[in-house]
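Visitor: Sending over a structure as structure tokens; questions will come in a sec.
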Amino acid sequence: MSQELNLILLGPPGAGKGTQAARLVQDFNIPWASTGDMLRTAVAEGSELGIKAKGFMDSGALVPDELIVDLIVERVRNADSADGFLLDGYPRTIPQADALAEALQGLSRTVTAALLIELDDEEVIRRLSGRRVCTASGHGYHLDFDPPKHEGICDQDGSRLIQRDDDKPDVIKNRLEVYHAQTKPLVEYYENLGLLRRFDGSRGQTEVHDHIRAAMATLRLEETV
Ligand code: AP5
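Heads up: the sequence shown begins at 391 in this note's numbering, then just goes up one per residue.
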């Protein structure tokens, strides 16, 4: 049985996907692709993709599938993803999940597990309202749960911390609606494939991380028997 780890992180906005991804890529030494980060970079660079994506992102809508799918298909075909990858924020729709499955099938590979971090809407609003990110490398903080040592300054590289434009109250509300309507159906999709693993995102960051690691260890053990 393959020891590849082809992982996807699912969950509502602010559930802690990025927070956990940063830890998991160190545990498993696999590349991490965040479509949100890729798109924010494209917007900051003013690339053609960024110009097309900006309006959707600012309003909390999803960027159309046709702008995203090729980015990810190319990413999983890249040589550095041969032993696995961690996708954070992709797929967000059933067509995106189908496109990923098709691309992997072409490489004789499959998704190993879909890691769902669950969090209720009220807590999502609390998480996103208090989130701050560093302008240089995107390191994440939370005003209540994970504050920087010095207000407004990144502990890791000293750069300025900002609030993301889509973390404003009206946009958060739209992002949640979009999640429930377009992304949540993926929970059933991966459950039906027997790939879904659920985690309680309301626990502390370390506890969530420990639970995911334990589940991955069990999964690897199951693969060897
Ligand atoms: P994206 O950047 O992917 O946003 P998202 O999915 O809404 O997720 P977030 O980054 O907001 O949250 P997260 O779950 O990573 O939480 P985090 O770890 O930061 O996408 C942005 C936009 O891009 C989309 O709206 C869409 O327009 C577009 N887009 C992206 N991908 C797309 C796709 N595939 N198709 C189409 N469009 C796409 O944590 C949040 C906060 O909580 C932080 O402050 C953190 O410190 C804190 N925290 C984390 N864990 C805990 C914990 N356990 N306890 C307490 N606090 C915690």
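We put the CB at the ideal spot given by N, CA and C, even for glycine.
Just so you know, these numbers come straight off a predicted model, no measurement behind them.
Determine the DSSP secondary structure at HIS599, reduced to helix, strand or coil.
Guide: Here residue 599 corresponds to residue number 209 of the sequence shown, with the count starting at 1. Helix.
Visitor: Within 7 Å: the Cβ of ARG589 and any heavy atom of the ligand AP5?
Guide: Looking up residue 589 in the sequence shown gives position 199. It is Phe, not Arg, that sits at residue 589 in the sequence shown. Not so, every heavy atom of the ligand AP5 lies at least 7 Å from the Cβ.
Visitor: Would you mind listing the alpha helix (DSSP H) stretches within the segment 543 to 570 that are 4+ residues and don't spill past its ends, in chain order?
Guide: Listed in chain order, the complete alpha helix (DSSP H) runs (minimum 4 residues) inside the segment 543 to 570 are 559 to 568.
Visitor: Per DSSP, which residues does ILE398 bridge with? Please list them.
Guide: By 1-based counting over the sequence shown, the position of residue 398 is 8. According to DSSP, which records beta bridges pairwise, ILE398 is partnered with LEU477, ALA504.
Visitor: Evaluate contact between the segment 441 to 456 and the segment 424 to 433, counting only Cβ atoms and requiring at least three cross-stretch pairs below 8 Å.
Guide: Touching, per the Cβ criterion.
Visitor: Could you tell me the alpha carbon to alpha carbon distance between THR527 and VAL463, rounded to whole angstroms?
Guide: The residue you call residue 527 lines up with position 137 of the sequence shown. The residue you call residue 463 lines up with position 73 of the sequence shown. Checking the sequence shown, residue 527 turns out to be Ser, not Thr. Near 24 Å, if we compare the C-alpha coordinates of VAL463 and SER527.
Visitor: So the beta strand (DSSP E) PHE589 belongs to, where does it begin and stop?
Guide: Walking along the sequence shown from the start, residue 589 turns up at place 199. Its beta strand (DSSP E) spans residues 586 to 590.
Visitor: Quick one: what does DSSP say GLY594 is sitting in, helix, strand or coil?
Guide: Walking along the sequence shown from the start, residue 594 turns up at place 204. Correct three-state label for GLY594: coil.
Visitor: Check the C-beta distance from LEU397 over to GLY474 and give it rounded, since I have them as a contact under 8 Å.
Guide: Here residue 397 is taken as the residue at index 7 of the sequence shown, counted from 1. Here residue 474 is taken as the residue at index 84 of the sequence shown, counted from 1. Yes, they are in contact, since the Cβ atoms of LEU397 and GLY474 sit about 7 Å apart, within 8 Å.
Visitor: In this structure, does DSSP put VAL523 in helix, strand or coil?
Guide: Sequence index remark: in the sequence shown, residue 523 carries index 133 (1-based). If DSSP states are grouped into helix, strand and coil, VAL523 belongs with the strands.
Visitor: Please confirm whether any heavy atom of the ligand AP5 lies closer than 7 Å to the CB of GLN546.
Guide: For the purposes of this step, residue 546 is taken as residue 156 along the sequence shown, with counting starting at 1. Incorrect: GLN546 has no Cβ contact closer than 7 Å to the ligand AP5.
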